[in-house]
Amino acid sequence: MEKPSIDIQYVADLARISLNEEEKKMFGEQFASILGYIEKLKEVKIDDVVLKGEEEGFKNNLREDLPQDGLATEDVLRNAPHHANNLFIVPKIIE
Amino acid sequence: MNLFEYTISELRKLLVRKELSPTELTEALFSRIAEVEPKINAYNYINHERAIERAKTINVDLPLGGIPIAIKDNINVRAEPCRCASKILEGYLSPYNATVIEKLIKAGAILVGRTNMDEFAMGSSTENSATGLTKNPWDLQRVPGGSSGGSAAAVASHEAFCALGSDTGGSIRQPASFCGCVGLKPTYGRVSRYGLTAFASSLDQIGPLTKTVEDAALLLEVISGFDPNDNTSEKMPVPRFSELLETLSLKNMVLGVPKEYFIEGIDGEVREAINKAIAHFESLGAKIEEVSLPHTPYAVATYYILATAEASANLARFDGIRYGRRSKHYEDLLDYYGKTRDEGFGSEVKRRILLGTYVLSSGYYDAYYLRALKVKEKIKQDFSSVFKKCQALLTPTSPFCAFRIGEKSNDPLQMYLADIFTIAVNLAGICGLSIPCGQSTEGLPIGLQIIGPAWKEEVILALGHLYQKSTGWKPPIPPLEKT
Amino acid sequence: MEYEAIIGLEVHVQLKTQTKLFCGCPIEYGALPNSRVCPICLGLPGALPSPNKQAIILTIQTGLMLGSEIAPRGKFDRKNYFYPDMPKNYQISQYDQPLCKGGAVQLYPLAFPKDAQKDPQAQSRKKIRLVRIHLEEDVGKSFHFGDYSGIDFNRAGTPLMEIVSEADIRSPEEAFAYLTALRQILRYGNVSDCDMEKGQLRCDVNVSVKPIGEEKWGTKCEIKNLNSISAVRKALKYEIQRQIHILELGGEISQETLRWDDLKGQTFPMRTKEYAHDYRYFPDPDLLTILTEGELIEEAQKRIPELPEEKKQRLSQHYGLTEYQASVLASDPQLADFFEKAAAQSANKVSVANFLINDYLAVASESETAIPIPPEYFSELSNLVDQGKLHMKQAKEIVKLMVTEKKSPTLIVQEKGLAQITSLDTLDAICKEAIEANPKSVADYRSGKTAAINAIKGYVMKKTKGQANPKIVHELLEKKLHELG
Chain A
1 MEKPSIDIQY VADLARISLN EEEKKMFGEQ FASILGYIEK LKEVKIDDVV
51 LKGEEEGFKN NLREDLPQDG LATEDVLRNA PHHANNLFIV PKIIE
Chain B
1001 MNLFEYTISE LRKLLVRKEL SPTELTEALF SRIAEVEPKI NAYNYINHER
1051 AIERAKTINV DLPLGGIPIA IKDNINVRAE PCRCASKILE GYLSPYNATV
1101 IEKLIKAGAI LVGRTNMDEF AMGSSTENSA TGLTKNPWDL QRVPGGSSGG
1151 SAAAVASHEA FCALGSDTGG SIRQPASFCG CVGLKPTYGR VSRYGLTAFA
1201 SSLDQIGPLT KTVEDAALLL EVISGFDPND NTSEKMPVPR FSELLETLSL
1251 KNMVLGVPKE YFIEGIDGEV REAINKAIAH FESLGAKIEE VSLPHTPYAV
1301 ATYYILATAE ASANLARFDG IRYGRRSKHY EDLLDYYGKT RDEGFGSEVK
1351 RRILLGTYVL SSGYYDAYYL RALKVKEKIK QDFSSVFKKC QALLTPTSPF
1401 CAFRIGEKSN DPLQMYLADI FTIAVNLAGI CGLSIPCGQS TEGLPIGLQI
1451 IGPAWKEEVI LALGHLYQKS TGWKPPIPPL EKT
Chain C
2001 MEYEAIIGLE VHVQLKTQTK LFCGCPIEYG ALPNSRVCPI CLGLPGALPS
2051 PNKQAIILTI QTGLMLGSEI APRGKFDRKN YFYPDMPKNY QISQYDQPLC
2101 KGGAVQLYPL AFPKDAQKDP QAQSRKKIRL VRIHLEEDVG KSFHFGDYSG
2151 IDFNRAGTPL MEIVSEADIR SPEEAFAYLT ALRQILRYGN VSDCDMEKGQ
2201 LRCDVNVSVK PIGEEKWGTK CEIKNLNSIS AVRKALKYEI QRQIHILELG
2251 GEISQETLRW DDLKGQTFPM RTKEYAHDYR YFPDPDLLTI LTEGELIEEA
2301 QKRIPELPEE KKQRLSQHYG LTEYQASVLA SDPQLADFFE KAAAQSANKV
2351 SVANFLINDY LAVASESETA IPIPPEYFSE LSNLVDQGKL HMKQAKEIVK
2401 LMVTEKKSPT LIVQEKGLAQ ITSLDTLDAI CKEAIEANPK SVADYRSGKT
2451 AAINAIKGYV MKKTKGQANP KIVHELLEKK LHELG
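Residue numbers (the numbering used here), protein chains in the order written: chain A, 1 to 95; chain B, 1001 to 1483; chain C, 2001 to 2485.
Structure (structure tokens):
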């Protein structure tokens, strides 16, 4: 079975992970192997499967629109690697 | 008998009769931890002070009153770190309690610390941890299994009376099997996931790791129940599992043995031990029937598409902006994300995120994700059919015993295939219990898996309890030596 | 060559719920940064979404009001992309099973900008079709400073309804009318306050041009950063011209995302957001599908008020108003309500309408959402005129005073001694005096220049500080002038 090729750079960009050349090579090889294995799913007959929403007697599980306590701002910012004036600071976003 | 050897069930009796104080008990555990931890390294975090403070005033009449418990490092506990064994969560202190933690606190349990795991629950050996290497108590050169390896090792070496773990593809059951303790994965939706750092949302469940099935029943009772904060938790009533352990009659029971779980490649001693356990149930009056779960060969592939896809989205939030570790040198925003995540994630996590991103990417959704969802349905149907004639299934938990540290880490596919017997249970959303059923000639534990239909934990617990009672199970103390 | 524009609008509306879409954090405009957040809307590890029933009901309600088809089962999907204002780096939205499909927005003359209301396009009663309406969560707010940016997550998780129109719109004025008509329905339904200044209604437009008669549509551009309905009109006007100009010179339109610069009055290309958008949509495994039949649709239906068209008809018929008057009053449900309360307590309903429309609205600020005085003031005023205690010109003046001084007309009349003078004896005497004081005007009148009476009348009005009833004065003067022979 033909092993599908995978554009590791494209995927790494989408996932926002900067890979070095070594990692790209390693992952590329491992993926070829893993995806080759996954190809076997094509053997399964699936046209008779209907992915239904939920079972019989399904009931919605929704929340009433009533305010609840959240987190205190100091608890929120305590974990922030960089914050100032109650804002989370990030590298400049250019629009 | 040392205090640290006791089970929860035994301890509860002593505590309620005031023959033992929670403080005494907790201190005894910490002594054991001090003794054993340097060899096992099961814990990522221990909070002695907080535990003792709580032990002093705890009400022992609560269901778990005075019982110390260890928590896997991916479950949020207020004011504690929640590392998930990752660099990227360095410094993160959780500002809230997971629902299961609230329940444990309400039931009087005493949190003693957080256990090691594979990073973000991705792995089967706990080798993928950025916070240290945990050893198998039965052979310090072998892995404890994963991803709840720390929890299993702690319980097996008696440096925890019980622990919580999480199971997405076998992460409670397999380490329980490798370490020789009890591990249970509840039905999907039985236990709230609110506060469990998500790996694969449609498969994750929190469950107990304990020394006996009796203990697992008690712990399950406490942590189960519908949670409005978890839209996927079910409004099913929670049976009093601990009271149903001995209400099962094996007389008309049919236990299925799926032929696809007894293939080539299973370790000879594992096969022998499992067959022996099956024969034991037969001798107790159960009818054993061979059944078929024809889509078993597709379970691992299905799992790795669905789990990695969901994980790729679930782990996107780790970007060092609101919490955690961020890269120190970057040129612009894109570079910031790229470096932060490259530096913060380990290899296995990166591999799965990339794979998951790929299967969801443009043009591949139908071929991979949608197809996998449909095969998942087929797997579920396999179990539904089989449960029409059997009440439970008996299988090995793992094809082999604990392997050596480093042995499988170079071939990810090989590692994935190790999950072959546990994975389908997560895909079908049903329940599974692993109990020790023997040891290899090298002294390594072998685990028997008892699989039950959805919402029937009382059946598998009763079966497991029956096995332990009728075989005179007593939680052993590992020698803690290198062999 | 004549060109036509093909325009489609994407509107994001902030729903008027108390709490966010997936958590119980309260929605509060202007709160201290990062003070209305919780593990869920901050994207902390382990947090799970909990869907807001009311947000779903409001979305279904909107679909019902706009004639959409409500999906029997709605589904939430994850839209995956990275941005600092995104707590999870995926947005929970709806992809292929939105809550509502189809529907339309009916345009009407008053929805058009004032200077285009008499155009043929304003009379057409055109319906702009909708593609879909779906529910999604809003992102945080970013602030930019020099080398870095700051994020406030208070807004993250706010429920947004995205309403996508078909490309049925053909002019900037139609776009203006579409937004006005849409906003009216949303306000009527109490689904959103649609205050664009507070970001409660945001609009992106897609626009392309093509020669009239040409079947193939041109390349479209997207314009973002439009902060008001008039900005939408201005931006479209500019962009259409820009595109036509390029085509006329033989060039090609490149598909771009543009931002509207209101100060410069131009569109500029936006820096493209890194890679092509591969959102990798998949159903959110943390959320169940939504069964709309039963409770949700029933609740949504109960919330539907008398809609603008119905109200216009009823006001017109019941109160004897012209179509124009009914239209104006129905333009805002609160205004219509106010009118009906005022009319209930007055004998002359039409005059109440006139005071509201001609005297109050004509001078009220457009941004004021509520009338600052009670409806009873207008009832009183109308009754005072009806009873002859005030004449029309006085009444009009009093409307202004009612608003600035927040006092009832009766009180104002009392305090300023404005009671109309109707006593024939008093007026008679003053008229006599006026005639004697204006011999030239009298002479002009008698020689046939009937308009000369106005000068004499003016004298009387001045003498009585405007309180004399002009009609009576006019009659008395006429009578006297004729008596002079």
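Just so you know, even glycine gets a beta-carbon here, dropped at the ideal spot from N, CA and C. Here the structure is a predicted model, which means the values were calculated and not measured.
- One Cα belongs to residue 2023/C, the other to residue 2136/C, and the distance between them is close to 13 Å.
- Within the region 2079-2106 of chain C, the residues whose Cβ lies closer than 8 Å to some Cβ of chain B are 2080, 2082, 2084, 2087, 2088, 2089 and 2090, listed in chain order.
- Cβ-Cβ separation between residue 2133/C and residue 2169/C: approximately 17 Å, too far for a contact (criterion under 8 Å).
- Contact between the region 2386-2402 of chain C and the region 2414-2427 of chain C is established, with three or more Cβ pairs separated by less than 8 Å.
- At least 7 Å separates the beta-carbon of residue 2260/C from that of residue 2291/C.
- For the region 1119-1133 of chain B, the set of positions with a beta-carbon nearer than 8 Å to some beta-carbon of chain C is empty.
- A Cβ-Cβ distance of about 5 Å is found for the pair residue 1452/B and residue 1392/B, placing them in contact under the 8 Å criterion.
- When CB distances to chain B are screened at a threshold of 7 Å, the residues of the region 21-43 of chain A falling below it are 27, 30, 31, 33, 34, 37, 38, 40 and 41, in chain order.
- Identification of chain B residues near residue 75/A by a Cβ-Cβ cut-off of 8 Å yields 1095, ordered along the chain.
- DSSP places residue 2003/C in no alpha helix (DSSP H) but in the uninterrupted beta strand (DSSP E) bounded by 2003-2014.
- Residue-level contact by beta carbon fails for residue 1260/B and chain A, as no gap is shorter than 7 Å.
- Around the C-beta of residue 1295/B, 16 or more other C-beta atoms lie within 10 Å, and the residue is accordingly described as buried.
- For residue 1360/B, the chain C residues whose Cβ falls inside 7 Å of its Cβ are 2280 and 2282, in order along the chain.
- In this structure, residue 1205/B places its C-beta atom within 7 Å of the C-beta atom of residue 1188/B.
- Across the structure, residue 1402/B and residue 1043/B are spaced so that their CA atoms are roughly 19 Å apart.
- For the options 1340/B, 1061/B, 1096/B and 1356/B, the alpha carbon positioned closest to that of residue 10/A is the one of 1356/B.
- Near chain A, meaning a CB-to-CB distance below 8 Å, the residues of the region 2053-2068 of chain C are 2053, 2054, 2055 and 2056.
- An exposed status is given to residue 2217/C, since fewer than 16 other beta-carbon atoms sit within 10 Å of its beta-carbon.
- Put simply, the backbone Cα of residue 1326/B is about 18 Å away from that of residue 12/A.
- Between residue 1448/B and the set 1457/B, 1463/B, 1026/B and 1297/B, the nearest pair of CA atoms involves 1463/B.
- Taking a C-beta cut-off of 8 Å against chain A, the contacting residues of the region 1321-1332 of chain B are 1321, 1322, 1323, 1324, 1325, 1326, 1330 and 1332, listed in chain order.
- Excluding the 5 residues flanking it on each side, residue 1107/B has same chain C-beta neighbours closer than 8 Å at 1062, 1063, 1064, 1065 and 1222, in chain order.
- Residue 1433/B sits away from residue 1209/B, with the two beta carbons spaced by 7 Å or more.
- Not flagged as an interface residue toward chain A: residue 2261/C, since no C-beta distance is shorter than 7 Å.
- Residues of the region 76-93 of chain A with a C-beta atom less than 8 Å from some C-beta of chain B are 76, 78, 79, 80, 81, 82, 88, 90, 91, 92 and 93, listed in chain order.
- Chain-ordered, the chain B residues with CB closer than 7 Å to the CB of residue 2285/C read 1201, 1202 and 1310.
- Chain B places a beta carbon closer than 7 Å to that of residue 51/A, counting this residue as a contact.
- The DSSP-derived three-state label of residue 2083/C is coil.
- Distance between residue 2173/C and residue 2230/C, taken at the CA atoms: about 9 Å.
- For the set 1218/B, 1045/B and 1040/B, the Cα lying nearest the Cα of residue 1104/B is the one of 1218/B.
- Counting the other Cβ atoms within 10 Å of the Cβ of residue 1158/B gives 16 or more, which makes it buried.
- The region 1076-1085 of chain B makes contact with the region 1093-1104 of chain B; the number of CB pairs closer than 8 Å reaches 3 or more.
- Under the criterion of beta carbons closer than 8 Å, residue 2222/C and residue 2258/C qualify as touching, at roughly 7 Å.
- Excluding residues up to 5 positions away in sequence, 1280 and 1284 lie with their Cβ nearer than 8 Å to the Cβ of residue 1470/B in the same chain.
- In this chain, residue 1382/B is not harboured by any beta strand (DSSP E); it is covered by the alpha helix (DSSP H) spanning 1371-1386.
- Linking residue 2151/C to residue 1175/B through their CA atoms gives a straight-line distance of about 42 Å.
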